[in-house]
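Okay, so the sequence shown: first residue is 1 according to full-length UniProt numbering, each after it adds one.
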Amino acid sequence: MNYNRHIPENGIWRFFSVPLWERTDIFNAQEGQAMSVTCTGEDRNLRLTVSGEVDHHGARAVMQELDRQVDAGLPKRLTLDLSGVTFMDSSGIAVLLRAYRRMAELGGALTVANVPPQALKVLRAAGLERIIRFE
Numbered sequence: 001m002n003y004n005r006h007i008p009e010n011g012i013w014r015f016f017s018v019p020l021w022e023r024t025d026i027f028n029a030q031e032g033q034a035m036s037v038t039c040t041g042e043d044r045n046l047r048l049t050v051s052g053e054v055d056h057h058g059a060r061a062v063m064q065e066l067d068r069q070v071d072a073g074l075p076k077r078l079t080l081d082l083s084g085v086t087f088m089d090s091s092g093i094a095v096l097l098r099a100y101r102r103m104a105e106l107g108g109a110l111t112v113a114n115v116p117p118q119a120l121k122v123l124r125a126a127g128l129e130r131i132i133r134f135e
């Protein structure tokens, strides 16, 4: 999938094509467990599917991948699919707040889908359902 975007270069806007939406595997060396972030998209709709443990060891890598994909595609709608998440601590709150902030900067929307029960307890305890849409 290719996306067109404008990049300012010396005050002149140029139009070019950027390859986007790729699978990224993130290995959590601290825990010896692999995480994965699968990115798919179409028509400025980006879906990031996260699998594995979202804890303090892996959250930074997930946020970096999130930033990279959002910067590359400039989506209008971002869906974070957490169906493969096996564990989430308060670091997952930081991931969702980062996604929310990035989409607000772009004037876009964030939806969090398929949240496992354990992760949902963490996110509800933080009150995120008041600002982020859950499906």
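Where is the CB? At the ideal position from N, CA and C, for every residue including glycine. Because the structure is a prediction, the values reported are computed rather than measured.
- Beta-bridge partners of V85 (DSSP): G52.
- In the three-state scheme derived from DSSP, where H, G and I count as helix and E and B as strand, V115 is classed as coil.
- DSSP places R133 in the strand class (E or B) of the three-state scheme.
- G92 is not bridged by DSSP to any residue.
- In the three-state DSSP reduction, L110 falls in the strand class (E or B).
- Cβ-Cβ distances below 8 angstroms link Q118 to F87 and M88 in the same chain, with the five nearest sequence neighbours on each side left out; the list follows chain order.
- Around the beta-carbon of E53, 16 or more other beta-carbon atoms lie within 10 Å, marking it buried.
- Around the beta carbon of D81, 16 or more other beta carbons lie within 10 angstroms, which makes this residue buried.
- Here R77 carries a strand assignment [DSSP, helix/strand/coil].
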